[in-house]
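J.: Handing you a structure now.
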Amino acid sequence: MEPFDKLNRLAGSHGALRPGKGMVSGLVAFALAALCFLGVLAFRFPEYLTTPELRRSYDVSLMRELMFWSLVLSGALALFNILRGQTRWLSFAAFLLIGLTLALGGHTVPVGDFADGTPYIGLDWFVLDLLGSTLVFVFIEKLFALRRDQPVFRPEWQTDFHHFIVNHLLIGFMLLATNLLVHRLFGWAARDGLRGWVQDLDFFVALFLIVLVADLVQYWTHRAYHRVPVLWRLHAVHHSAKSMDWLAGSRQHLLEVLITRTLILAPIYVLGFGKEVIDAYIVLVGFQAVFNHANVSVRLGPLRHVVVTPNFHHWHHTQDAEGIDRNYAAHFAFLDHLFGTAAKSDRRWPDRYGVVGDYVPDGFFRQLIFPLVWKR
Ligand SMILES: [Zn+2]
Numbered sequence: 003m004e005p006f007d008k009l010n011r012l013a014g015s016h017g018a019l020r021p022g023k024g025m026v027s028g029l030v031a032f033a034l035a036a037l038c039f040l041g042v043l044a045f046r047f048p049e050y051l052t053t054p055e056l057r058r059s060y061d062v063s064l065m066r067e068l069m070f071w072s073l074v075l076s077g078a079l080a081l082f083n084i085l086r087g088q089t090r091w092l093s094f095a096a097f098l099l100i101g102l103t104l105a106l107g108g109h110t111v112p113v114g115d116f117a118d119g120t121p122y123i124g125l126d127w128f129v130l131d132l133l134g135s136t137l138v139f140v141f142i143e144k145l146f147a148l149r150r151d152q153p154v155f156r157p158e159w160q161t162d163f164h165h166f167i168v169n170h171l172l173i174g175f176m177l178l179a180t181n182l183l184v185h186r187l188f189g190w191a192a193r194d195g196l197r198g199w200v201q202d203l204d205f206f207v208a209l210f211l212i213v214l215v216a217d218l219v220q221y222w223t224h225r226a227y228h229r230v231p232v233l234w235r236l237h238a239v240h241h242s243a244k245s246m247d248w249l250a251g252s253r254q255h256l257l258e259v260l261i262t263r264t265l266i267l268a269p270i271y272v273l274g275f276g277k278e279v280i281d282a283y284i285v286l287v288g289f290q291a292v293f294n295h296a297n298v299s300v301r302l303g304p305l306r307h308v309v310v311t312p313n314f315h316h317w318h319h320t321q322d323a324e325g326i327d328r329n330y331a332a333h334f335a336f337l338d339h340l341f342g343t344a345a346k347s348d349r350r351w352p353d354r355y356g357v358v359g360d361y362v363p364d365g366f367f368r369q370l371i372f373p374l375v376w377k378r
């Protein structure tokens with residue numbers, strides 16, 4: 003089948019999309035149709051394909067409306083390209099997915115009663131975060147581009163996207179595992195007196211405190227990842243990205259995600275922060291983790307010595323000598339100044355990213371086993 007061959011070839015390629023050929027509109031139509039199809043699957047099988055923590059906080063009728071308008075936009079773009087005689091194969095694939103989505107119930111798909119507590123994959127989290135992050139960050143990256151010649155589909159985007167998919171689908175397993183580990187390993191340390199004091203703190207004081215505590219743990223964990231050879235094996239995967247953009251931050255070994263999250267959640271649990279404070283922290287850390295890798299020219303002047311900016315974190319990812327084992331903080335740049343690990347350079351931005359020697363293989367599965375099989 004020709005359309006599928008072309009689709010396959012497209013998924014394996016990279017580079018800038020030439021405007022005026024129907025590629026951008028064709029891809030938007032296809033991507034929206036694909037997300038609608040995944041969305042309708044999540045509606046059909048909510049107990050296995052949606053995240054309890056997430057579905058409690060979004061409005062189902064809003065999701066239906068989002069799906070309806072995505073279907074309309076996708077169909078309109080695909081039809082437009084068919085009439086213009088451009089990227090018909092992409093339109094064909096989009097219409098196929100729209101048809102499947104409608105056959106499964108479309109935006110009016112009924113949702114029956116379902117049991118809580120089944121094992122699940124976070125398909126809803128994947129669909130919504132991909133849609134939201136693409137909209138927000140592709141826009142920000144175009145507006146404040148650092149490297150203007152770097153296309154959205156730059157080399158190795160497939161690997162980072164693969165990491166993104168797995169990280170999102172495994173959210174349930176990760177939540178379960180980190181919660182279990184935190185309670186098993188650090189449950190003994192929780193004291194009611196201290197927890198009560200923390201819970202009585204003013205919201206913004208508590209927010210500052212939770213970010214500070216989390217970043218202190220993150221800083222020293224991160225420094226250990228660079229300094230302890232066995233840990234570096236895991237962390238080298240994250241550093242192997244040779245292009246920086248919003249997707250590059252997704253490249254992380256699952257074991258590293260598990261270890262780091264457990265260690266950061268430990269003091270948050272022990273200190274007993276309130277739910278609103280933890281939620282605000284999660285939004286903040288989610289945004290900063292993506293934004294600091296983004297292809298944006300954001301430095302913030304002298305403030306860059308206080309909070310972590312894309313500029314600060316790009317220096318952490320460089321192969322250039324000034325940045326090696328520097329800039330460990332994730333939120334507060336002053337931690338690196340305090341502990342003597344802040345990068346200093348005459349240049350504003352680094353030249354090259356990745357690990358020196360470029361020894362980490364490309365590809366999700368190769369990177370998954372890399373820490374086990376790497377011979378120095
Ligand atoms: Zn690092």
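Numbering of the sequence shown is given in the numbering used here, commencing with residue 3 and proceeding in unit increments. In this text, a Cβ means the ideal position worked out from N, Cα and C, and glycines have one as well. All of these numbers come straight from a predicted model, not from anything done at the bench.
#1: May I ask whether a heavy atom of ligand 1 can be found less than 7 Å away from the beta carbon of His-237?
#2: Using a Cβ distance threshold of 8 Å, determine whether the segment 119-137 contacts the segment 39-48, with at least three qualifying pairs required.
#3: Which partner residues of Tyr-355 appear in the DSSP bridge assignment?
#4: Mind checking who Ile-147 pairs with in its DSSP beta bridge?
#5: Please state the DSSP three-state secondary structure of Phe-334.
#6: Rounded to the nearest angstrom, what separates Glu-55 and Leu-178 at their Cα positions?
#7: Name, in chain order, the residues that DSSP records as bridge partners for Val-309.
#8: Assuming Phe-95 and Phe-32 make a contact with CB atoms under 8 Å, what is their CB distance in whole Å?
#9: Could you spell out the range, first to last residue, of the alpha helix (DSSP H) harbouring Met-25?
#10: Use the C-beta contact count for Ala-208: other C-beta atoms within 10 angstroms, 16 or more gives buried, fewer gives exposed.
#11: By how many angstroms is the C-alpha of Trp-91 removed from the C-alpha of Lys-8?
#12: I'd like to confirm something about His-228: is its beta-carbon nearer than 7 Å to some heavy atom of ligand 1, or not?
#13: Given this structure, state the Cα-to-Cα distance separating Pro-384 from Phe-155, to the nearest angstrom.
#14: Judging by CA-CA distance, which residue of Gly-14, Arg-328, Leu-187 and Phe-146 is the nearest neighbour of Ala-296?
#15: Which ranges does the alpha helix (DSSP H) cover as unbroken runs of at least 4 residues, wholly within the segment 88-116, from first to last along the chain?
#16: Given 7 Å as the limit, tell me if His-240 has its C-beta closer than that to any heavy atom belonging to ligand 1.
#17: Just to confirm, is the Cβ distance from Val-184 to Leu-104 under 8 Å?
#18: Label Ser-63 either buried or exposed according to how many other C-beta atoms from any shown protein chain fall within 10 Å of its C-beta, with 16 as the threshold for buried.
#19: Between which two residues does the alpha helix (DSSP H) carrying Asn-181 extend?
#20: For a quick check, are the C-beta atoms of His-319 and Tyr-355 less than 8 Å apart?
#21: Just how far apart, CA to CA, sit Arg-149 and Asp-338?
#22: What do you reckon, is the C-beta of His-315 under 7 Å from a heavy atom of ligand 1?
T.: Considering the structure as presented:
#1: The residue labelled residue 237 in the question sits at position 235 within the sequence shown. Within the cutoff, so yes.
#2: yes
#3: One-based indexing of the sequence shown puts residue 355 at position 353. In the DSSP output, where bridge partners are listed per residue, Tyr-355 has Thr-320.
#4: Mapped onto the sequence shown, residue 147 falls at position 145. Checking the displayed sequence, the identity of residue 147 turns out to be Ala instead of Ile. BP columns for Ala-147 point to Val-298.
#5: In the sequence shown, the residue the question calls residue 334 occupies position 332. Strand at Phe-334.
#6: For the purposes of this step, residue 55 is taken as residue 53 along the sequence shown, with counting starting at 1. For the purposes of this step, residue 178 is taken as residue 176 along the sequence shown, with counting starting at 1. Whole-angstrom Cα-Cα distance: 12 Å.
#7: Counted from its first residue, the sequence shown places residue 309 at position 307. Its beta-bridge partners are Phe-334.
#8: For the purposes of this step, residue 95 is taken as residue 93 along the sequence shown, with counting starting at 1. For the purposes of this step, residue 32 is taken as residue 30 along the sequence shown, with counting starting at 1. The question names Phe, but residue 95 in the sequence shown is Ala. Correct: roughly 6 Å between the Cβ atoms.
#9: Here residue 25 refers to the residue found at position 23 when the sequence shown is read from its first residue. That run of the alpha helix (DSSP H) goes 25-46.
#10: The residue you call residue 208 lines up with position 206 of the sequence shown. Counting Cβ neighbours within 10 Å, Ala-208 comes out buried, since at least 16 surround it.
#11: As a first step, residue 8 is located in the sequence shown; it is residue number 6 there, counting from the start. As a first step, residue 91 is located in the sequence shown; it is residue number 89 there, counting from the start. Whole-angstrom Cα-Cα distance: 8 Å.
#12: Along the sequence shown, read from residue 1 onward, the residue named residue 228 stands at position 226. For His-228, the distance from the CB to the nearest heavy atom of ligand 1 is below 7 Å.
#13: In the structure as shown, the chain begins at 3 and stops at 378. Residue 384 is therefore absent and cannot be evaluated.
#14: Reading the sequence shown from its first residue, position 294 is the one you call residue 296. Ala-296 has its Cα closest to that of Phe-146, out of Gly-14, Arg-328, Leu-187 and Phe-146.
#15: For the segment 88-116, whole alpha helix (DSSP H) runs of length 4 or above, ordered along the chain, are 90-105.
#16: Counting from one through the sequence shown, the residue named residue 240 turns up at place 238. For ligand 1, at least one heavy atom lies less than 7 Å from the Cβ of His-240.
#17: In the sequence shown, the residue the question calls residue 184 occupies position 182. In the sequence shown, the residue the question calls residue 104 occupies position 102. Result no, Cβ atoms of Val-184 and Leu-104 do not sit closer than 8 Å.
#18: Residue mapping note: residue 63 aligns to position 61 of the sequence shown, counting from 1. So Ser-63 counts as exposed.
#19: Against the sequence shown, residue 181 aligns to sequence position 179. Taken as a continuous stretch (DSSP letters only), the alpha helix (DSSP H) holding Asn-181 covers 173-188.
#20: Within the sequence shown, numbered from 1, the residue matching residue 319 stands at position 317. Within the sequence shown, numbered from 1, the residue matching residue 355 stands at position 353. Taking 8 Å as the cut-off, the Cβ atoms of His-319 and Tyr-355 count as close.
#21: Within the sequence shown, the letter at position 147 stands for residue 149. Within the sequence shown, the letter at position 336 stands for residue 338. Taking the straight line joining both Cα atoms gives about 26 Å.
#22: Your numbering for residue 315 matches position 313 in the sequence shown. Every heavy atom of ligand 1 is 7 Å or more from the Cβ of His-315, so no.
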